[in-house]
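Colleague: All you need for the working numbering is the position in the sequence shown, starting with 1, plus 142.
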Amino acid sequence: MISFRNVSKSYNGQQAVHDISFEIRRGEFVFMTGASGAGKSTILKLLHHDIFPTSGVVQVSDHSSDKVKARHIPYIRRKIGFVHQDFRLIEDRTVFENVAIAMRVVGEHRKKIKSRTLEVIADVGLYGRAQDKVANLSGGEMQRVAIARALVNRPFILLADEPTGNLDPETAGETYNLLDRANLGGTAVLVATHDLEMVRLSGHRVLHLDGGTIRPRTIPRAGARPMRRTAT
Ligand SMILES: Nc1ncnc2c1ncn2[C@@H]1O[C@H](COP(=O)(O)OP(=O)(O)OP(=O)(O)O)[C@@H](O)[C@H]1O
Ligand SMILES: [Mg+2]
143 MISFRNVSKS YNGQQAVHDI SFEIRRGEFV FMTGASGAGK STILKLLHHD IFPTSGVVQV
203 SDHSSDKVKA RHIPYIRRKI GFVHQDFRLI EDRTVFENVA IAMRVVGEHR KKIKSRTLEV
263 IADVGLYGRA QDKVANLSGG EMQRVAIARA LVNRPFILLA DEPTGNLDPE TAGETYNLLD
323 RANLGGTAVL VATHDLEMVR LSGHRVLHLD GGTIRPRTIP RAGARPMRRT AT
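(1) Tell me which residues pass a beta-carbon proximity test against ligand 1: closer than 5 Å to any heavy atom, given in chain order.
(2) Anyone know if the C-beta pair for residue 231 and residue 262 falls short of 8 Å?
(3) Taking Cβ positions, are residue 158 and residue 184 nearer each other than 8 Å?
(4) Between the beta-carbon of residue 356 and the beta-carbon of residue 162, is there less than 8 Å?
(5) Leaving out the 5 sequence neighbours to the left and right, which residues in its chain are closer than 6 Å to residue 314 when beta-carbon positions are compared?
(6) For residue 303, is the beta carbon positioned less than 7 Å from some heavy atom of ligand 2?
(7) For the 8 Å Cβ check, are there 3 or more pairs between the segment 207-224 and the segment 186-195?
(8) Across which residues does DSSP place residue 205 in a beta bridge pair?
(9) On the three-state DSSP scale, how would you describe residue 333?
(10) Considering only heavy atoms of ligand 2, does any lie closer than 7 Å to the CB of residue 264?
(11) Going by Cα to Cα distance, which pick from 227, 274, 223 and 206 is closest to residue 239?
(12) Using a Cβ-Cβ cutoff of less than 6 Å, which residues in the same chain neighbour residue 336 once the five nearest sequence positions on both sides are dropped?
(13) Among the candidates 177, 195 and 168, whose CA atom is the shortest distance from the CA of residue 155?
(14) Does the beta carbon of residue 288 fall short of 7 Å from some heavy atom of ligand 2?
(15) Could you spell out the range, first to last residue, of the alpha helix (DSSP H) harbouring residue 256?
(16) Give the secondary structure of residue 354 by DSSP, where H, G and I count as helix, E and B as strand, and everything else as coil.
(17) Suppose only complete runs of 3+ residues qualify. What are the beta strand (DSSP E) ranges in the segment 174-244, listed by chain order?
(18) Of all the alpha helix (DSSP H) runs that stay within the bounds of the segment 270-320, which reach a length of 4 or more residues?
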């Protein structure tokens, strides 16, 4: 469904990711880990067609990045939900407006926009909040709006870039529950995260990036603590 074949991406001659190949199958849940600067966001942006490979091919369904036409990109993105770490919501607009916008840009009918938008707002636990301004919501609630917006067009894959980076542990857990629910509904999920505990608990497949390439990695088992020297 999704594949990267020998993908490299340079910014101003500097390689951010190098010779990356992997696949994500329909309905899979995959975590992506790696230190800051390892290339996680770059991979998500390549998948979303926000940027294009310097070499290699990103394949999303039957579209390949080396052959795609500009006019097809909105339709590819419609099938890929993207949750940004900073939410990217329009704060002076309502919850409804923020979610509906993703359907408006692909020209859906008004009636369909209304019913589907209200449905997905309820699905993420914000029933009754559709007319609230986003500026008045908590961080966890804003995250729910961002997830609702990413899901409203029924994407086949949901991408999330450090979705819990700014949330307290309980709210982060609720966010993972929402991602799990989307996944149980058949949507594939790819999450970039530093939250190794969550990765370990989930048991999902992990793509580990190190300096722009994929490397095998074992997640430390439960209770394992990194060895530290204590200052005396
Ligand atoms: N627009 C850009 N212009 C120049 N260099 C960039 C750009 N975006 C990313 N890079 C560089 O590419 C490399 C990978 O960055 P990327 O944002 O993909 O890392 P990341 O794994 O998402 O890190 P973090 O965990 O901090 O979000 C870094 O060296 C970064 O400085
Ligand atoms: Mg990043």
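Every residue, glycine too, gets a C-beta built ideally from N, C-alpha and C. Note that the coordinates shown come from a computational prediction; the quantities given were computed from them, not determined experimentally.
Modeller: By the coordinates alone:
(1) 153, 158, 178, 179, 180, 181, 182, 183 and 184
(2) Sequence index remark: in the sequence shown, residue 231 carries index 89 (1-based). Sequence index remark: in the sequence shown, residue 262 carries index 120 (1-based). Not closer than 8 Å, so no.
(3) By one-based count along the sequence shown, residue 158 stands at place 16. By one-based count along the sequence shown, residue 184 stands at place 42. Cβ atoms of residue 158 and residue 184: closer than 8 Å.
(4) Numbered from its first residue, the sequence shown carries residue 356 at position 214. Numbered from its first residue, the sequence shown carries residue 162 at position 20. Contact: yes.
(5) Counted from its first residue, the sequence shown places residue 314 at position 172. Closer than 6 Å at the Cβ level, and outside the excluded window around residue 314, lie 306.
(6) Numbered from its first residue, the sequence shown carries residue 303 at position 161. Checking every heavy atom of ligand 2 against the Cβ of residue 303, one is found closer than 7 Å.
(7) Between the segment 207-224 and the segment 186-195, the count of C-beta pairs closer than 8 Å reaches three or more; the two stretches touch.
(8) Against the sequence shown, residue 205 aligns to sequence position 63. Residue 205 pairs with 202.
(9) The residue you call residue 333 lines up with position 191 of the sequence shown. Residue 333: strand per DSSP, three-state reduction.
(10) For the purposes of this step, residue 264 is taken as the residue at position 122 of the sequence shown. No, the beta carbon of residue 264 sits no closer than 7 Å to any heavy atom of ligand 2.
(11) Within the sequence shown, the letter at position 97 stands for residue 239. Selected option, being the one with the closest Cα: 274.
(12) What you label residue 336 is simply residue 194 of the sequence shown in a count that begins at 1. Cβ within range, chain order: n/a, list empty.
(13) Stepping through the sequence shown from its first residue, residue 155 is reached at position 13. When only C-alpha atoms are compared, the closest one is 195.
(14) Locating residue 288 in the sequence shown gives position 146, where the first residue counts as 1. For ligand 2, not one heavy atom lies less than 7 Å from the Cβ of residue 288.
(15) Start at 1 with the first residue of the sequence shown, and residue 256 comes out as number 114. It spans 252-265 - the alpha helix (DSSP H) in which residue 256 sits, taken as one unbroken run.
(16) Here residue 354 corresponds to residue number 212 of the sequence shown, with the count starting at 1. Three-state result, residue 354: coil.
(17) 197-202 and 222-225
(18) 281-293
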